[in-house]
Amino acid sequence: DGGITQSPKYLFRKEGQNVTLSCEQNLNHDAMYWYRQDPGQGLRLIYYSQIVNDFQKGDIAEGYSVSREKKESFPLTVTSAQKNPTAFYLCASTDSYSNQPQHFGDGTRLSIL
Amino acid sequence: QKEVEQNSGPLSVPEGAIASLNCTYSDRGSQSFFWYRQYSGKSPELIMFIYSNGDKEDGRFTAQLNKASQYVSLLIRDSQPSDSATYLCAFYNNAGNMLTFGGGTRLMVKP
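Chains as they are written, first to last, in my numbering: chain A, 1 to 113; chain B, 1001 to 1111.
Rendered as structure tokens:
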């Protein structure tokens, strides 16, 4: 089945630790996105990538890093510089044409130990 | 001024009624608008998108767009308890590459 796979579903981070969230898609989409959602809030854009080996900062990129070495994969690293990482992280993808609907993976819930 | 304004709710309607959800936005250059449904603890699911002024119907859902007044609305006819969720509106920036989300409206449909 075509879709977006995020893993793990739940992740715990210790103080000072970097953690990486995985996002893989087999929809042949060019554009991929990472969002953060805090309880009772909307989604906020962290990073996005419209083509392999290129990515752009969103509204809240500080404390996060990404890579886009393959079209199918867009991992997000939550670094120790992100002091409040507890949130629901969502990955989305879409065709490269502008203004297209985005479709989401099932999300990763990150908590601090 | 926030880019997207949604009443956080909860909006409570009886089963079988019409639920009306509204969203206003500030970016006059926006060309495309989306409604997502999000059940508690789950990821958002696209239910409607609209690009032109006027109404767009899909089953029990109707999206309405008024670019002059900068609002987009979602009507859910014959509301069911399974429609109880948070509804997020979203729109693209002028370049069509960054989606901005509202905070969502929580809808409760009571049997």
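Glycine is no exception: its CB is placed at the ideal position from the N, C-alpha and C atoms.
Source: prediction; values computed, not measured.
- Look at F12(A): its C-beta is not under 8 Å from any C-beta on chain B.
- DSSP links L1088(B) through a beta bridge to Y1036(B).
- Burial of T94(A) is indicated by the presence of at least 16 other C-beta atoms within 10 angstroms of its C-beta.
- Taking a cut-off of 8 Å for Cβ pairs, the region 32 to 39 of chain A and the region 1071 to 1091 of chain B do not touch, as fewer than three such pairs fall below it.
- The region 97 to 112 of chain A makes no contact with the region 51 to 68 of chain A: fewer than 3 CB pairs, one atom from each, lie closer than 8 Å.
- The region 1088 to 1106 of chain B and the region 1001 to 1011 of chain B touch, with three or more beta-carbon pairs separated by less than 8 Å.
- The secondary-structure analysis by DSSP pairs S49(A) across a beta bridge with M32(A).
- Counting along the chain, A92(A) sits inside the beta strand (DSSP E) bounded by residues A87 to T94.
- For a Cβ distance threshold of 7 Å, nothing in chain A lies close to A1085(B): the least Cβ distance comes to about 14 Å.
- Of P1044(B), F1061(B) and K1042(B), the smallest CA-CA separation from I1050(B) is found for F1061(B).
- The secondary-structure analysis by DSSP pairs F74(A) with nothing; it has no beta-bridge partner.
- Under the 8 Å criterion on CB atoms, G1096(B) is classed as interfacial with respect to chain A.
- Excluding sequence positions up to five before and after Y1071(B), its CB lies within less than 7 Å of the CB of N1022, C1023 and T1024, all in the same chain and listed in chain order.
- Residues of chain A whose Cβ lies closer than 7 Å to the Cβ of F1101(B) are, in chain order, G42 and L43.
- N84(A) is not a Cβ neighbour of R68(A), given a cutoff of 8 Å.
- D1083(B) sits in a helix when the DSSP states are folded into three classes.
- Looking only at E1045(B), K1042(B), S1073(B) and A1068(B), the smallest Cα-Cα distance to E1057(B) is reached by S1073(B).
- For the region 88 to 110 of chain A, the beta-carbon criterion of a distance under 7 Å to any beta-carbon of chain B is satisfied by L90, S98, N99, P101, Q102, H103, F104, G105, D106 and G107.
- A buried status is given to P1044(B), since no fewer than 16 other beta-carbon atoms sit within 10 Å of its beta-carbon.
- Annotation for A81(A): G63 place their beta carbon closer than 6 Å to its own, counting only its chain and skipping 5 residues before and after.
- The bridge partners DSSP lists for G1054(B) are L1065(B).
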